[in-house]
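K.L.:
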Amino acid sequence: MMMHVPIFVGEGKLRYEDRPTPRIVRDDDVLLRIHASGICGTDLNILAVPPAHKAKPGIVIGHEGIGEVAAVGQSVTSFKPGDRVVIAPRLTCGRCEYCRRGLDNQCTDYQTIGTTLDGTFAPYALVPERALYKINDRVALEDAALFEPLSCVVGALARAPIHPGDNVCIIGAGPMGALFAMVARAHGAGHVLMSDVVPYRLRFVEEVLGATAINPAETDLKGAVTALTRIGCDLVIDAVGNQINSAIALARRGGNVLLFGLRPHDSPPVNQYTITRYDLTVIGAFVGLNPFVQTIALLESGLIAPSRLITHRLPLSELARGVELMRSGQAMKVLITM
Ligand SMILES: [Zn+2]
Ligand SMILES: [Zn+2]
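To convert, count from 1 in the sequence shown and add 23; that's this note's numbering.
#1: Going along the chain, which residues of its own chain have a beta-carbon closer than 6 Å to the beta-carbon of residue 75, five neighbours each way excluded?
#2: Could you spell out where the beta strand (DSSP E) holding residue 93 opens and where it closes?
#3: Reducing DSSP to helix, strand and coil, say where residue 62 ends up.
#4: Keeping to the same chain, check which residues put their C-beta closer than 7 Å to that of residue 348; ignore five residues upstream and five downstream.
#5: At what residue ranges does the region 189-244 contain a whole run of the beta strand (DSSP E), taking only runs of 3 or more?
#6: Cα separation between residue 260 and residue 361?
#7: How would you call residue 351, buried or exposed, if buried means at least 16 neighbouring beta carbons within 10 angstroms?
#8: Okay, do the region 233-253 and the region 175-187 touch, 3+ Cβ pairs below 8 Å being the bar?
#9: Excluding five sequence neighbours on each side, which residues of the same chain lie with their C-beta closer than 7 Å to the C-beta of residue 298?
#10: Considering Cα atoms alone, identify which of 251, 342 and 324 is closest to residue 163.
#11: Can you list, in chain order, the residues of its chain whose CB lies under 8 Å from that of residue 227, leaving out five sequence neighbours each side?
#12: With 16 as the cutoff for other CB atoms within 10 Å, does residue 190 come out buried or exposed?
#13: Give the secondary structure of residue 134 by DSSP, where H, G and I count as helix, E and B as strand, and everything else as coil.
#14: What is the DSSP secondary structure of residue 321, reduced to helix, strand or coil?
#15: Can you check which of these residues, 327, 155 and 250, is closest to residue 315 by C-alpha distance?
#16: Give me the Cα-Cα distance between residue 286 and residue 159, rounded to the nearest whole angstrom.
#17: Just the C-alpha distance for residue 220 and residue 300, rounded to the nearest angstrom, thanks.
#18: With a cut-off of 7 Å, give the chain-ordered residues whose Cβ is closer than this to any heavy atom of ligand 2.
#19: Taking the DSSP output, what are the residues bridged to residue 31?
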């Protein structure tokens with residue numbers, strides 16, 4: 024059997040090719056029939072010129088897949104055909120210094136489904152058993168499709184918890200910022216303020232999530248935060264990746280600043296004095312330390328419905344258009360359906 028899939032060829036380009044449908048090779052392989060796969064900021068970065076995230080040319084990208092087990096290798100014991108699964112795409116080595124310390128997300132020798140191994144923008148994907156988690160049928164397919172980005176949010180908030188009544192400011196109202204807002208609401212946050220310069224996103228988070236949306240190009244952000252919170256926010260999240268100074272300015276004294284966005288080519292100067300003088304805690308958080316089971320529990324609880332972020336559903340043949348929609352800020356989350 025063959026499948027017609029987009030192959031990453033480098034330089035921001037995809038080319039559709041006929042590839043054989045993957046077959047079980049290793050004992051721990053699980054063959055998945057993919058139902059849908061979300062487009063991630065990482066995919067946008069992979070397809071940027073120059074790229075802002077590495078991926079191996081010749082592979083199928085995509086890592087936010089939801090699917091069902093079609094076949095399993097000989098040693099697979101946790102899954103059987105028909106099981107509904109989500110994917111934790113980073114495959115750690117289990118041998119490096121960081122893996123040995125239990126700091127899996129800092130593994131120095133990992134592979135990732137959708138950047139170094141064939142991913143989920145395809146009708147079928149071959150994934151090792153250890154990357155898979157079962158998810159029950161009560162979670163709608165489109166909610167389950169946001170498992171991976173949601174897991175990054177759950178993982179990050181494990182490092183900077185939100186308490187009931189906390190005022191939270193999120194800089195960046197893209198899909199990740201919006202997931203932070205949803206989880207903040209579920210945590211019982213007080214004011215949830217979001218800033219962005221893209222009007223589409225601001226309107227979306229205001230109308231769909233009930234966040235207070237602020238465009239810092241039009242409104243004095245600090246003034247708006249102070250007007251609502253008097254002293255600044257308990258937690259400020261930078262979901263952009265170069266907003267550390269705005270984040271520091273918006274935190275209350277003794278507050279937390281969570282740095283989540285990734286901009287490898289930016290290095291903003293840091294206002295160190297403010298951090299020291301006002302007892303701020305600045306926390307970096309990268310994808311989270313094994314947040315997968317908790318993320319599934321959160322989805323299965325029904326407390327949040329991340330599918331509300333899906334604004335577009337496109338067939339696999341229109342992956343490039345989906346990427347363009349997200350890049351132009353005219354979509355929140357785009358889901359590719361198989
Ligand atoms: Zn992702
Ligand atoms: Zn490792």
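Note that beta-carbon positions come from the ideal geometry of N, C-alpha and C, so glycine has one too.
P.N.:
Quick look at the numbers:
#1: 68
#2: 87-95
#3: coil
#4: So the list reads 335, 354 and 357, once near-sequence residues are dropped.
#5: The beta strand (DSSP E) runs lying completely inside the region 189-244 and spanning 3 residues or more are 191-194, 215-218 and 235-237, given in chain order.
#6: 34 Å
#7: exposed
#8: Short answer: they don't touch.
#9: 271 and 305
#10: Looking only at 251, 342 and 324, the smallest Cα-Cα distance to residue 163 is reached by 324.
#11: If we look at residue 227 and ignore the five residues flanking it on each side, its Cβ neighbours are 196, 201, 334 and 355.
#12: By the neighbour-count rule (16 or more Cβ atoms within 10 Å), residue 190 is buried.
#13: strand
#14: Correct three-state label for residue 321: helix.
#15: 155
#16: 35 Å
#17: 30 Å
#18: 115, 116, 117, 118, 119, 121, 122, 130, 131, 132 and 133
#19: 37
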